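Data first, discussion second: the structure below is written as structure tokens.
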Amino acid sequence: MLRKLCLKNIIDLKEKIVVGLNSGTSADGIDAAVVKIIGNGLGSKVEFIMGKTFKFDKRLKTKIKRCAEPACTDGESWLKLDIILAKLFSQATLSIIRSAGLRVKDIALIGSHGQTIRHKPASRFGTFTCQLADPARIAVGCGIVTVGDFRVADIAAGGQGAPLTPIVNAIVFREKSLRVGVLNIGGIANITIITPYRNGYKVFGCDTGPGNMLVDYLAEKLFRVGYDKGGRLASCGIADDFIIRKVLSGKFFGFKGPKSAGREKFGRKFGEKFLALCRKKGLSKNDIMNTASMLTIEAFKRCCVVNKFRFDRLILAGGGAKNLFFVKAIEDIFPNVEILNSFDCGFPSDYLEAVSFGVLANEAICSNRYNLKTVTGANKAVVLGKICQP
Numbered sequence: 002m003l004r005k006l007c008l009k010n011i012i013d014l015k016e017k018i019v020v021g022l023n024s025g026t027s028a029d030g031i032d033a034a035v036v037k038i039i040g041n042g043l044g045s046k047v048e049f050i051m052g053k054t055f056k057f058d059k060r061l062k063t064k065i066k067r068c069a070e071p072a073c074t075d076g077e078s079w080l081k082l083d084i085i086l087a088k089l090f091s092q093a094t095l096s097i098i099r100s101a102g103l104r105v106k107d108i109a110l111i112g113s114h115g116q117t118i119r120h121k122p123a124s125r126f127g128t129f130t131c132q133l134a135d136p137a138r139i140a141v142g143c144g145i146v147t148v149g150d151f152r153v154a155d156i157a158a159g160g161q162g163a164p165l166t167p168i169v170n171a172i173v174f175r176e177k178s179l180r181v182g183v184l185n186i187g188g189i190a191n192i193t194i195i196t197p198y199r200n201g202y203k204v205f206g207c208d209t210g211p212g213n214m215l216v217d218y219l220a221e222k223l224f225r226v227g228y229d230k231g232g233r234l235a236s237c238g239i240a241d242d243f244i245i246r247k248v249l250s251g252k253f254f255g256f257k258g259p260k261s262a263g264r265e266k267f268g269r270k271f272g273e274k275f276l277a278l279c280r281k282k283g284l285s286k287n288d289i290m291n292t293a294s295m296l297t298i299e300a301f302k303r304c305c306v307v308n309k310f311r312f313d314r315l316i317l318a319g320g321g322a323k324n325l326f327f328v329k330a331i332e333d334i335f336p337n338v339e340i341l342n343s344f345d346c347g348f349p350s351d352y353l354e355a356v357s358f359g360v361l362a363n364e365a366i367c368s369n370r371y372n373l374k375t376v377t378g379a380n381k382a383v384v385l386g387k388i389c390q391p
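In the working numbering, the protein residues as written are 2 to 391.
Now the structure itself:
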């Protein structure tokens with residue numbers, strides 16, 4: 002039996018238990034996080050309770066990636082996938098609630114990002130984005146108010162709709178006396194810079210280039226494995242600097258933020274071209290993995306140079322934070338910077354984005370306008386997310 006809810010009662014709660022949900026561009030599965038949030042806005046306190054990953058089976062993962070290909074314009078396939086994913090997101094929510102020893106009535110909100118199958122900034126039609134796993138279906142399926150479709154309001158306000166997590170990074174990682182960077186290495190890598198300013202903070206952010214998406218593609222193609230565990234495959238190779246420089250000469254890497262990218266920019270076609278370039282130069286399989294991995298790190302470095310980003314502490318998040326090759330390369334490039342894993346700050350790297358959408362759901366329900374012009378390029382502040390009641 003679904004419970005009756007009053008939005009005002011949820012808003013007035015001093016303390017909320019929220020479930021955050023996300024499936025990244027790598028389409029590996031649903032990351033779910035349960036968090037306790039006290040208050041709202043920059044002064045809110047966020048406590049991680051638990052996280053759980055619900056892996057997609059190979060067939061579904063293939064279907065998602067097929068629908069995400071730019072050549073796929075089969076609307077009916079998208080709609081069917083939307084229903085399937087909404088059901089799985091609902092099941093993941095109910096499962097993690099049970100695992101946390103909680104009941105449905107204990108949960109104030111769900112914040113669900115869904116599964117991106119399109120994200121194209123500045124096309125000839127304007128910027129557009131599409132995330133599947135309808136939040137209305139999740140709300141009804143779980144009996145919990147659900148906030149989703151976070152990106153479209155920012156796009157309507159002239160922004161790129163991404164990245165959206167920098168404001169959450171500012172809420173959970175800000176320091177009064179330190180310039181803090183947060184590098185999230187998911188399918189696409191993005192950076193947040195949080196700088197103390199007068200009585201508050203300046204927050205900047207943008208996508209930096211390919212993250213795990215390229216490396217995962219090559220691991221599958223060359224070694225028949227899903228990903229480069231711990232960066233071991235890359236560690237056995239040598240980077241080709243010529244190829245890295247050639248790729249970084251592309252327009253995207255020279256742009257200042259705000260900028261964002263999706264599978265359209267760094268997906269399968271990008272991977273195929275990169276692999277052909279490496280094979281033309283006669284690189285070994287491990288050299289290709291090393292070169293691709295260093296491209297991710299050098300793209301991040303280029304972004305910092307182009308945007309004049311400075312930080313005293315760099316917090317690593319996303320699946321790439323567990324890649325020891327990435328971590329070592331970053332430490333070598335930034336020897337005078339304190340490098341931390343988000344886990345060291347109380348938020349496991351695998352679940353930071355899920356946490357972020359839980360926090361953004363809380364901001365939406367409180368009518369806080371938290372898209373940032375310095376991150377997405379929007380011309381006005383708007384509330385992010387559509388609120389769906391069961």
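For glycine and all other residues, C-beta sits at the position ideal for the given N, C-alpha and C. No experiment lies behind these values; they were computed from the predicted model shown.
L325 versus I340, R311, F312, residue with shortest Cα-Cα distance: I340
Assign K266 to one of two classes, buried (16 or more other C-beta atoms within 10 Å of its C-beta) or exposed (fewer than that). Burial state of K266 is buried, judged by a 10 Å Cβ sphere holding 16 or more other Cβ atoms.
Determine the DSSP secondary structure at Q132, reduced to helix, strand or coil. Three-state DSSP puts Q132 in a strand.
Leaving aside the five residues before and after T54 along the sequence, list all residues of the same chain whose C-beta is less than 6 Å from its C-beta, in chain order. G30, D32
Out of curiosity, what's the CA-to-CA distance linking D345 and A318? For D345 and A318, the distance between alpha carbons rounds to 11 Å.
Who are the near neighbours of E48 in its chain, counting only those whose CB is closer than 6 Å to its CB and skipping five residues on each side? K37
Environment of P336 [buried if 16+ CB atoms lie within 10 Å]: exposed
Using the C-alpha atoms, what's the distance from D288 back to L296? 12 Å
Whole angstroms is fine: what's the gap from F57's alpha carbon to A93's? 11 Å
Assign C143 to buried or exposed, taking buried as 16 or more other Cβ atoms, counted over all protein chains shown, within 10 Å of its Cβ. A residue is called buried when at least 16 other Cβ atoms come within 10 angstroms of its Cβ; C143 meets this threshold and is buried.
With a threshold of 16 other CB atoms inside 10 Å of the CB of C389, please say whether the residue is buried or exposed. buried
Where does N380 sit, in a helix, a strand or coil, going by DSSP? coil
Between A362 and G160, how many whole angstroms is the CB-CB distance? I'm expecting something under 8 Å. The pair is not a contact, with the Cβ atoms about 19 Å apart (cut-off 8 Å).
CB of K298 within 8 Å of CB of F271, strictly: Here residue 298 is Ile; the residue named in the question, Lys, does not match the sequence. In this structure, F271 does not lie closer than 8 Å to I298 by Cβ.
On the DSSP letters alone, give me the boundaries of the alpha helix (DSSP H) that Y202 sits inside. Element bounds for Y202: not the alpha helix (DSSP H) but the beta strand (DSSP E), 201-211.
At least three beta-carbon pairs within less than 8 Å, the region 99-118 to the region 368-375: Three or more beta-carbon pairs separated by less than 8 Å are not found between the region 99-118 and the region 368-375, which leaves the two stretches without contact.
For G187 versus G320, is the C-beta distance shorter than 8 Å? yes
Starting from E332 and walking both ways along the alpha helix (DSSP H), at which residues does that stretch end? 325-334
Could you tell me which of G127, I194, R175, A365 sits nearest to N200, measuring between CA atoms? R175
Cross-strand partners of F243 (DSSP beta bridge): Under DSSP, no beta-bridge partner is assigned to F243.
For L278, which residues in the same chain have their Cβ closer than 6 Å to its Cβ, ignoring the five residues on either side in sequence? Only I244 meet the Cβ criterion.
Residue interval of the alpha helix (DSSP H) (run including T94): 76-100
Examine the ligand GDP and report whether any of its heavy atoms sits within less than 7 Å of the Cβ of A382. The ligand content of the structure shown is nil, which means the ligand GDP is not present either.
Please state the DSSP three-state secondary structure of S27. coil
Between the alpha carbons of F310 and V226, how many angstroms are there, rounded? 35 Å
Using DSSP with H/G/I as helix, E/B as strand and the rest coil, what is C143? helix
Host alpha helix (DSSP H) of T193 (start-end): Careful: T193 lies outside any alpha helix (DSSP H), inside the beta strand (DSSP E) at 189-198.
Under a Cβ-count criterion, where at least 16 other Cβ atoms within 10 Å of its own Cβ denotes burial, should R233 be classed as buried or exposed? Exposed.
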